[in-house]
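Undergrad: One structure is given below, represented as structure tokens, and several questions about it will come after.
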Amino acid sequence: VVLALLFLGGGAAGWALSSSSGSGAPVARSQAPDRGRLDARIRRVERRVAAAREGKSSDDRLPSNQAEPSADRSHSGGALAGKVISIDPGHNGGNATHPEEIDRLVPAGANGATKPCNTTGTETNDGTLTEAEFNLDVADDLAARLRAAGAKVVMTRTTNDGVGPCVNERAEIANHADAAAAISIHADGNETAGAHGFDVIHPSTAEMVDPSDAAPSLRLATRVRNALVGAGVPPANYVGRNGLDERDDLGGLNLSTVPAVLVEMGNMRSAEEAAKLESPTYRAQLAGALALGLRHFLESG
Ligand SMILES: [Zn+2]
Numbered sequence: 050v051v052l053a054l055l056f057l058g059g060g061a062a063g064w065a066l067s068s069s070s071g072s073g074a075p076v077a078r079s080q081a082p083d084r085g086r087l088d089a090r091i092r093r094v095e096r097r098v099a100a101a102r103e104g105k106s107s108d109d110r111l112p113s114n115q116a117e118p119s120a121d122r123s124h125s126g127g128a129l130a131g132k133v134i135s136i137d138p139g140h141n142g143g144n145a146t147h148p149e150e151i152d153r154l155v156p157a158g159a160n161g162a163t164k165p166c167n168t169t170g171t172e173t174n175d176g177t178l179t180e181a182e183f184n185l186d187v188a189d190d191l192a193a194r195l196r197a198a199g200a201k202v203v204m205t206r207t208t209n210d211g212v213g214p215c216v217n218e219r220a221e222i223a224n225h226a227d228a229a230a231a232i233s234i235h236a237d238g239n240e241t242a243g244a245h246g247f248d249v250i251h252p253s254t255a256e257m258v259d260p261s262d263a264a265p266s267l268r269l270a271t272r273v274r275n276a277l278v279g280a281g282v283p284p285a286n287y288v289g290r291n292g293l294d295e296r297d298d299l300g301g302l303n304l305s306t307v308p309a310v311l312v313e314m315g316n317m318r319s320a321e322e323a324a325k326l327e328s329p330t331y332r333a334q335l336a337g338a339l340a341l342g343l344r345h346f347l348e349s350g
């Protein structure tokens, strides 16, 4: 309860800041009546997120086997007909050789925060697999699965020899497509001995340009988390809680105006987990779980 109250306070303060200073321009008087309705809407969203945090709805406890819809409908085809899904394979293979382009600062939040356009990402200790390459491989597999189920997939990049796009452009691609869900695929590079497992990151209202997406983003994160756990992928033992993590510092999530999550599929700096991430079988398992989580979200919310 204390956490929830703190969160409500922080969220409301964050929004108030964004509405007064986000654009640098004063709020027009003619918008005042809308402000009241917006305030009420934000409060409703924040109550739902707070309730979710207390375990009343899409909570952050690990799932029971009965919690999810049946998983054996992948043959039904067309289950996702008409749905637009944005897939963002994090980083890009050409980023490392173009520091001047990827280091420039771009907007990354509702309150004036900025971040580098993009980063290089991590790699395995032996240097045989870069995160950028891994991300695109899993993303391509996921895209194929979603398209086979009838979805329209919008990718933020389709090759691994380019530079960028910037995090704000990646968000804009999903926003412009009015995606029903946006998923960003990454792998982590944590040096802590024994650190391993996946982590599904969802945005905090504090920096979101559209705080009403906090609750659906948490539900999307929970669906994806449950599907990964169901596929036998271990939740991270060094970050987040039960495979879920709320953050306010990721530009791609902050700038999304659609339900969005970022998944760290595993820790590339763990030699043991890196071996799994290099395995085509394990990658297929990951892509299958992401597809299932997305489908459960799109079918059932
Ligand atoms: Zn990454």
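Residue numbers (the working numbering): 50 to 350. Glycine residues also receive a C-beta, built at the ideal position from the N, C-alpha and C atoms.
Which residues are close to ligand 1, meaning CB closer than 6 Å to any heavy atom, in chain order?
TA: Gly139, His140, Gly170, Glu180 and His235
Undergrad: Quick check: what's the CA-CA separation for glutamine 115 versus serine 305?
TA: Because the pLDDT of glutamine 115 is 41, which lies under 50, any placement of that residue in the model is unreliable, and the number read from its coordinates should be weighed accordingly. Their backbone Cα atoms lie some 31 Å apart in a straight line.
Undergrad: Would you decide whether arginine 45 is buried or exposed? Buried here means 16 or more other CB atoms lie within 10 Å of its CB.
TA: Because the chain is modelled from 50 through 350, residue 45 falls outside the range shown and cannot be assessed.
Undergrad: Please list, in chain order, all residues of the same chain as proline 156 whose beta carbon is under 8 Å from its beta carbon, the five residues on each side excluded.
TA: Ala162, Thr163, Asn217, Gly300 and Leu304
Undergrad: Going straight from the alpha carbon of proline 273 to that of glutamate 150, what length do you get?
TA: The amino acid occupying residue 273 in the given sequence is valine; proline does not appear at that position. Looking at the two C-alpha atoms, the distance is approximately 33 Å.
Undergrad: Taking the CB atoms as reference points, tell me whether leucine 311 and serine 233 lie closer together than 7 Å.
TA: In contact: leucine 311 and serine 233 (Cβ atoms closer than 7 Å).
Undergrad: Using the Cα positions of methionine 204 and proline 138, report the straight-line distance between them to the nearest angstrom.
TA: 8 Å
Undergrad: By the three-class DSSP mapping on this structure, what secondary structure does arginine 296 have?
TA: Collapsing the DSSP output to three states places arginine 296 in a strand.
Undergrad: What is the DSSP secondary structure of serine 123, counted as helix, strand or coil?
TA: With a pLDDT of 45 at serine 123, under the threshold of 50, the predicted position of this residue should be treated as unreliable, though the coordinate-derived value follows. DSSP places serine 123 in helix when its eight states are reduced to three.
Undergrad: For the stretch 177 to 221, list the beta strand (DSSP E) runs that are entirely contained and at least 3 residues long, ordered along the chain.
TA: Here the runs fully enclosed are 201 to 204.
Undergrad: Classify leucine 343 as buried or exposed, calling it buried when 16 or more other Cβ atoms lie within 10 Å of its own Cβ.
TA: That one is buried.
Undergrad: With a CB to CB cut of under 7 Å and the five nearest residues on each side skipped, what residues in its chain are close to alanine 244?
TA: Asn286, Tyr287, Asn316 and Ser319
Undergrad: Thinking asparagine 184 and alanine 236 are a contact (beta carbons under 8 Å), I'd like their distance in whole angstroms, please.
TA: 7 Å
Undergrad: Tell me which residues share the same chain as leucine 335 and place their Cβ nearer than 7 Å to its Cβ, disregarding the 5 neighbours each side in the sequence.
TA: Val187, Val282 and Met314
Undergrad: Does the beta-carbon of histidine 225 have 16 or more other beta-carbons within 10 angstroms, so that it is buried, or is it exposed?
TA: exposed
Undergrad: Given that a residue counts as buried once 16 or more other Cβ atoms are within 10 Å of its Cβ, and exposed if not, what is glutamate 256?
TA: With a 10 Å radius around the Cβ and a threshold of 16 neighbouring Cβ atoms, glutamate 256 comes out buried.
Undergrad: Determine whether the beta carbon atoms of asparagine 167 and asparagine 144 lie at a separation below 7 Å.
TA: yes
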